Each structure stands twice: as structure tokens, then as C-alpha cells.
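Trainee:
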Amino acid sequence: GKDSKSRKERDSRKAEEEEENALKKEKPKFLSKAEREAEALRRRQQEVEERQRLLEEERKKRKQFQEMGRKMLEDPQERERRERRERMERETNGTEDEEGRQKIREEKDKSKELHAIKERYLGGVKKRRRTRHLNDRKFVFEWDASEDTSIDYNPLYKERHQVQLLGRGFIAGIDLKQQKREQSRFYGDLMEKRRTLEEKEQEEARLRKLRKKEAKQRWDDRHWSQKKLDEMTDRDWRIFREDYSITTKGGKIPNPIRSWKDSSLPPHILEVIDKCGYKEPTPIQRQAIPIGLQNRDIIGVAETGSGKTAAFLIPLLVWITTLPKIDRIEESDQGPYAIILAPTRELAQQIEEETIKFGKPLGIRTVAVIGGISREDQGFRLRMGCEIVIATPGRLIDVLENRYLVLSRCTYVVLDEADRMIDMGFEPDVQKILEHMPVTNQKPDTDEAEDPEKMLANFESGKHKYRQ
Numbered sequence: 001g002k003d004s005k006s007r008k009e010r011d012s013r014k015a016e017e018e019e020e021n022a023l024k025k026e027k028p029k030f031l032s033k034a035e036r037e038a039e040a041l042r043r044r045q046q047e048v049e050e051r052q053r054l055l056e057e058e059r060k061k062r063k064q065f066q067e068m069g070r071k072m073l074e075d076p077q078e079r080e081r082r083e084r085r086e087r088m089e090r091e092t093n094g095t096e097d098e099e100g101r102q103k104i105r106e107e108k109d110k111s112k113e114l115h116a117i118k119e120r121y122l123g124g125v126k127k128r129r130r131t132r133h134l135n136d137r138k139f140v141f142e143w144d145a146s147e148d149t150s151i152d153y154n155p156l157y158k159e160r161h162q163v164q165l166l167g168r169g170f171i172a173g174i175d176l177k178q179q180k181r182e183q184s185r186f187y188g189d190l191m192e193k194r195r196t197l198e199e200k201e202q203e204e205a206r207l208r209k210l211r212k213k214e215a216k217q218r219w220d221d222r223h224w225s226q227k228k229l230d231e232m233t234d235r236d237w238r239i240f241r242e243d244y245s246i247t248t249k250g251g252k253i254p255n256p257i258r259s260w261k262d263s264s265l266p267p268h269i270l271e272v273i274d275k276c277g278y279k280e281p282t283p284i285q286r287q288a289i290p291i292g293l294q295n296r297d298i299i300g301v302a303e304t305g306s307g308k309t310a311a312f313l314i315p316l317l318v319w320i321t322t323l324p325k326i327d328r329i330e331e332s333d334q335g336p337y338a339i340i341l342a343p344t345r346e347l348a349q350q351i352e353e354e355t356i357k358f359g360k361p362l363g364i365r366t367v368a369v370i371g372g373i374s375r376e377d378q379g380f381r382l383r384m385g386c387e388i389v390i391a392t393p394g395r396l397i398d399v400l401e402n403r404y405l406v407l408s409r410c411t412y413v414v415l416d417e418a419d420r421m422i423d424m425g426f427e428p429d430v431q432k433i434l435e436h437m438p439v440t441n442q443k444p445d446t447d448e449a450e451d452p453e454k455m456l457a458n459f460e461s462g463k464h465k466y467r468q
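UniProt numbering applies: residue 1 is where the sequence shown begins, and numbers increase by one.
#1: Please classify LEU55: is it buried, with 16 or more other beta-carbons within 10 angstroms of its beta-carbon, or exposed?
#2: Can you tell me where the alpha helix (DSSP H) holding ILE298 begins and where it ends?
#3: Taking only the alpha-carbon atoms, compute the straight-line gap between ILE370 and ASP333 and give it to the nearest angstrom.
#4: Rounded to the nearest angstrom, what separates HIS223 and ASP236 at their Cα positions?
#5: I'd like the ranges of any alpha helix (DSSP H) spanning at least 4 consecutive residues and lying wholly in the UniProt domain "Helicase ATP-binding" (289-434).
#6: Starting from GLN226, follow the alpha helix (DSSP H) in both directions and report where the run begins and ends.
#7: Do you know how far the Cα of ILE289 is from the Cα of ILE314?
#8: Count the other CB atoms, across all protein chains shown, that sit within 10 Å of the CB of ILE339; report buried if there are 16 or more and exposed otherwise.
#9: Between ILE351 and ILE390, is the Cβ-Cβ spacing less than 8 Å?
#10: Which class does LEU176 belong to by DSSP, given the choice of helix, strand or coil?
#11: Less than 8 Å between the beta carbons of VAL399 and ARG375, yes or no?
#12: Can you tell me whether ILE284 is buried or exposed, with buried defined as 16 or more other CB within 10 angstroms of its CB?
#13: So what's GLN442 in DSSP terms, helix, strand or just coil?
#14: Between GLY385 and TYR404, is the Cβ-Cβ spacing less than 8 Å?
#15: Between ARG105 and LEU31, what straight-line distance do the alpha-carbon atoms span, to the nearest angstrom?
#16: By how many angstroms is the C-alpha of LEU293 removed from the C-alpha of ARG286?
#17: Under the rule that 16 or more other beta-carbon atoms within 10 Å means buried, what is LEU165, buried or exposed?
#18: Could you give the uninterrupted runs of the beta strand (DSSP E) lying entirely in the UniProt region "Disordered" (1-111), keeping only those of 3 residues or more?
#19: Give a yes or no on contact between the segment 352-360 and the segment 300-318, applying the rule of three or more CB pairs nearer than 8 Å.
#20: What residue range does the alpha helix (DSSP H) around TRP237 cover?
#21: Could you check what DSSP says for SER264 in three-state terms: helix, strand or coil?
#22: Which two residues bound the contiguous alpha helix (DSSP H) that contains LYS213?
#23: How would you call MET72, buried or exposed, if buried means at least 16 neighbouring beta carbons within 10 angstroms?
#24: Could you tell me whether the Cβ atoms of GLY335 and VAL406 are closer together than 8 Å?
#25: Relative to the C-alpha of HIS436, which residue among ILE397, ASP423, PHE426 is closest?
#26: In or out: TRP219 buried (at least 16 other Cβ within 10 Å) or exposed?
#27: In or out: PHE65 buried (at least 16 other Cβ within 10 Å) or exposed?
#28: Does DSSP put ARG467 in a helix, in a strand, or in coil?
#29: Could you check if ARG328 is buried or exposed, using at least 16 other CB atoms within 10 Å of its CB as the buried criterion?
#30: Tell whether a beta-carbon distance below 8 Å holds between TYR337 and THR392.
#31: What separation, rounded to the nearest whole angstrom, lies between the Cα atoms of ALA342 and PHE426?
#32: Look at GLN442 and ARG409 and say whether their C-beta atoms are less than 8 Å apart.
#33: Could you tell me the distance, in whole angstroms, from the CA atom of LYS110 to the CA atom of ALA34?
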């Protein structure tokens, strides 16, 4: 009874131990980073040792195999001589020399093996022997350049002799081009003799037609500078704009002016332009002046010093000079015909100088309304009457609010450096200035404002011109 009880206890204890071992095996053991790195290094070391062991075994097997193959292929007498020689060498030199020679042979084998691997995977230049197939010619007349052995050492082949040719520089004095020319002339004369009178007339008519067509093509393909204004085509105008880097957006845009004499400007305006030293119009002037003369709104973008001031002044001067002078004097209390706004005082002074240069010979008065000058002096000059006012937005609003100036007949507004003016925060001031202008001269919000003919008629109508 006691034995069975103790056996049961041992069995139950053993079962509990097995269960604990099973739980330990199932439960994963979490290692720290250092332990994981050490375990990885250990596994890597084992892999390297295993690989080296396999390589060493492979080398020994290959060596044994080569030795066996060499012994099998050797002649029996040769093998006996080799064994006798090796035995004598071992007896005389000992085993150390044999090991040294063995190492040298192994190094040679390794170098040969490495060379074979390089040729196998990297490729090599293989020298191919020149072979002649059975279906080729019996004798090969052409040789490769590499087979010429005379170039290396014989100076005769290094400097080739230039043949002194006869006649026109051709061998035996024969000029192939001259031969072809004479041959074509011969056949031309032969065809001319064989043609009948009607065929000759047909050929002459065909040649005349061809010459006429070529002349017309040459005439049409002339450069735009060689053509008259009425001969310019759409293609010529497109080339003209490309030549002067003129880019336009909008509908029914008039063609640019090619030169001052080709423009439709009055003679007295052209005379003033010539006196001011403007020999040729700039790109902005070429395109902006025709648009301004049609009483159309325009936004011009050009680099500094490209003549933007003259581009908007010339259409303004053309319109003011068309008005009767008596009307200009009598209505001087109605204010100027045009205001030119500039963001800074310095720019306004530059525009004033340019405007006086153009307007003084035409009897057009200009007043600058800018800061830094007495407001009373400016008010006195404004009361005397003027056609053009150049101002900065702040001082102009001050003058308008103090009733030194009214804009009852102002129909021409220019914003010079408009982008800079908006960046500086003058947009509300500009809107306030426009509110002082009459609403009766605003352009109609209809298709009439897009019609160049109606806009031009309104431009020439005098005092009832639309605002521009």
C-alpha cells in the first residue's frame, strides 16, 4: 500500500515538472538589445566558421581529385621518374622545401583560376585567327589593318606621297563636273533641234510662266521693311511683332506703326517728335499709340527707359490739339483734360519734364501737383488754367477737397507704374479721384465700346469724348 502511494506521488510530481517544462518552452523569452546583438554576432561567427570549414573541405577534395587525375594521366615511366625525383628531393632538401614548392604551385593554380573566372564573367578580348571557308575565294586579297607590319618601322609608309594632278586638279586632267555640263548641253541642243515650232512655243510659254511665278514668290517673300504699308500681310505683321517682341491680348487690336512717317499722326506732332530726338518708335510706342488713337483703354507693360511716357502722351496731345484753342481758353475753369498719376514725387517730376518738352511747342500747359511745393502756388497755377495735371494721389485728393481743382472736363486718366501704386496702397485714393470725374463721359457697357470705328469717331468728336 505504501509503495503504490509513493509511486503515485512520484508520478504526479513528474507530471507537474513536465507541465512546467512545457509551459517554459511555450512561453517566449524576451531578450534585451545587448543580448540580441550578442546572439546575432554569435550566429554570424558560426556561419563564417561553417563556410570556411566547407571551403577548406572543398579545396582538399579538389586537390585530391587533381592529384588522382594527374597520376592517372601520367605515363608509367614518367610517374616512376617523378616519384624517384620527389623521393630524392625529400631525402636531400627535407620536407620544408617541398611545402614551399607546394605553396608556389597552389598560388599559380589560384592565379590561373582567378584569370579563368575573370574571363568567364568579365569577358576578354579573344584573338580570332583569320579563317577561309570552303566557299570563299582561294586567295584573300584584303588584309586587316592589324596585319600591316610595315607601318611601324618603315618611314616610307609614314608620309604618303601626294600625287601632283594635271589640268583642273583631277587625275589625267578630267573634270567630271565639266563633262556633265557639256553632256547636258549636248542633249539640250539635240532636243532643241528635234522640237517642232509648236513645241518650242509651248516650252517658251512654260518657262515664262515659271519665271513669272518665281518672281511673284520672291516679291511676296520680301522682308516687311521692303514693303509699303498697304502691301503688308497678316504674316508680315506677325513677323514684325516677333522682331520687336510685341505681345498683345484683346480683340480687334490695330496694327503697330512701322515708323513715324508711316503713322497717321498730324504733321505738327511729328515735327515735335523729331525735335525731341525720337528717330524710331520703341516697341511699346509702336503698339500703344495706335490703340490710344482709337480711344481704347490699354495696359502697357515695358521695361524702364523704353519710352512709356511718350506712348501715352502722344495720343493725348493729338486729341487736345484737335480741340479749338478758343474753347480751351474759355473753359479753363473746368479743369484739365487729362490727369497723370504717379506713385512718387520723383517720377511725377520726370513725367512733367517729358510732358513740357512735348507740350510747350504746341501751347499745351502742364501743372505738377506734388508734395514739397506750396499748395497755394500750385492752386494759383491751376487757376491760370492748364490742359494736363501730373500728380501724386495724396496731394491731388487734398487739392480736390479744398476746391483748388475740378475735373469737370477730364476724359484722359493715366496711371504710371500702376502695379507699384497698388502695392503701395494707393488704390482707395485712385478710386476717390475717379469719383470727382463726371459720369457722363464713361464708355457705354455695350458692344459699341469694342467697335474701333465708333471709338475712333468718338475720339474725333471733340469735347464729347469718352473717358479713356
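Note that beta-carbon positions come from the ideal geometry of N, C-alpha and C, so glycine has one too.
The structure displayed is predicted, hence computed values, not measured ones.
Mentor: According to the structure shown:
#1: Taking the first residue of the sequence shown as 1, we reach residue 55 at position 55. It counts as exposed.
#2: Along the sequence shown, one-based indexing puts residue 298 at 298. That residue, ILE298, is in no alpha helix (DSSP H); it is neither H nor E in DSSP.
#3: The residue given as residue 370 occupies position 370 in the sequence shown. The residue given as residue 333 occupies position 333 in the sequence shown. Each residue's alpha carbon lies about 20 Å from the other.
#4: Counted from its first residue, the sequence shown places residue 223 at position 223. Counted from its first residue, the sequence shown places residue 236 at position 236. The straight-line gap from Cα to Cα measures roughly 8 Å.
#5: Unbroken alpha helix (DSSP H) stretches of 4 residues or longer found wholly inside the UniProt domain "Helicase ATP-binding" (289-434): 308-322, 325-330, 345-359, 375-383, 393-401, 418-423, given in chain order.
#6: Against the sequence shown, residue 226 aligns to sequence position 226. Neither: GLN226 is in no alpha helix (DSSP H) and is coded neither H nor E.
#7: Residue 314 sits at position 314 when you count from the first residue of the sequence shown. Residue 289 sits at position 289 when you count from the first residue of the sequence shown. Computed Cα separation, rounded: 7 Å.
#8: As a working note, residue 339 is residue 339 in the sequence shown. Per the 10 Å Cβ criterion, buried.
#9: Taking the first residue of the sequence shown as position 1, residue 351 is located at position 351. Taking the first residue of the sequence shown as position 1, residue 390 is located at position 390. Their beta carbons are under 8 Å apart, which means ILE351 touches ILE390 by this criterion.
#10: The count along the sequence shown starts at 1 and reaches residue 176 at position 176. LEU176: helix per DSSP, three-state reduction.
#11: The count along the sequence shown starts at 1 and reaches residue 399 at position 399. The count along the sequence shown starts at 1 and reaches residue 375 at position 375. Cβ atoms of VAL399 and ARG375: closer than 8 Å.
#12: Walking along the sequence shown from the start, residue 284 turns up at place 284. Classification of ILE284: buried, given that the 10 Å Cβ count is 16 or more.
#13: Residue 442 sits at position 442 when you count from the first residue of the sequence shown. DSSP, reduced to helix, strand and coil, places GLN442 outside both helices and strands of the structure shown, so it counts as coil.
#14: Along the sequence shown, one-based indexing puts residue 385 at 385. Along the sequence shown, one-based indexing puts residue 404 at 404. No, the pair does not count as a contact, with Cβ atoms beyond the cut-off.
#15: Against the sequence shown, residue 105 aligns to sequence position 105. Against the sequence shown, residue 31 aligns to sequence position 31. Cα-Cα distance, rounded: 51 Å.
#16: The count along the sequence shown starts at 1 and reaches residue 286 at position 286. The count along the sequence shown starts at 1 and reaches residue 293 at position 293. Their backbone Cα atoms lie some 12 Å apart in a straight line.
#17: Locating residue 165 in the sequence shown gives position 165, counting from the first residue. In this prediction, LEU165 has a pLDDT of 49, which is less than 50 and means its spatial position is unreliable; what the coordinates show is noted afterwards. Burial call: exposed.
#18: Runs of beta strand (DSSP E) with 3 or more residues, each lying fully within the UniProt region "Disordered" (1-111), are absent.
#19: Segments in contact, yes.
#20: Here residue 237 refers to the residue found at position 237 when the sequence shown is read from its first residue. From DSSP, the alpha helix (DSSP H) with TRP237 extends over 234-243.
#21: Position 264 of the sequence shown, counted from the start, is the residue given in the question as residue 264. Coil.
#22: For this step, residue 213 is matched to residue 213 along the sequence shown. Its alpha helix (DSSP H) spans residues 197-220.
#23: Mapped onto the sequence shown, residue 72 falls at position 72. Counting every other CB atom within 10 Å of its CB across the protein chains shown gives MET72 a total below 16, marking it as exposed.
#24: Position 335 of the sequence shown, counting from 1, holds the residue named residue 335. Position 406 of the sequence shown, counting from 1, holds the residue named residue 406. Yes, they are a contact pair.
#25: As a working note, residue 436 is residue 436 in the sequence shown. Comparing Cα-Cα distances from HIS436 to each of ILE397, ASP423, PHE426, the minimum goes to ILE397.
#26: Within the sequence shown, numbered from 1, the residue matching residue 219 stands at position 219. Residue environment analysis places TRP219 among the exposed positions, since fewer than 16 neighbouring C-beta atoms fall within 10 angstroms of its C-beta.
#27: Position 65 of the sequence shown, counted from the start, is the residue given in the question as residue 65. Exposed, because fewer than 16 other Cβ atoms sit within 10 Å of the Cβ of PHE65.
#28: Taking the sequence shown and counting its residues from 1, the one referred to as residue 467 is at position 467. DSSP places ARG467 in coil when its eight states are reduced to three.
#29: Translated into the one-based positions of the sequence shown, residue 328 becomes position 328. Buried, by the Cβ-count rule.
#30: Working through the sequence shown from its first residue, we reach residue 337 at position 337. Working through the sequence shown from its first residue, we reach residue 392 at position 392. Against a cut-off of 8 Å, the Cβ pair of THR392 and TYR337 comes out as no contact.
#31: One-based indexing of the sequence shown puts residue 342 at position 342. One-based indexing of the sequence shown puts residue 426 at position 426. Going from the Cα of ALA342 to the Cα of PHE426 covers about 10 Å.
#32: Numbered from 1 along the sequence shown, position 442 holds the residue referred to as residue 442. Numbered from 1 along the sequence shown, position 409 holds the residue referred to as residue 409. Contact flag unset, no.
#33: Here residue 110 is taken as the residue at index 110 of the sequence shown, counted from 1. Here residue 34 is taken as the residue at index 34 of the sequence shown, counted from 1. Annotation: LYS110 to ALA34 spans about 41 Å, alpha carbon to alpha carbon.
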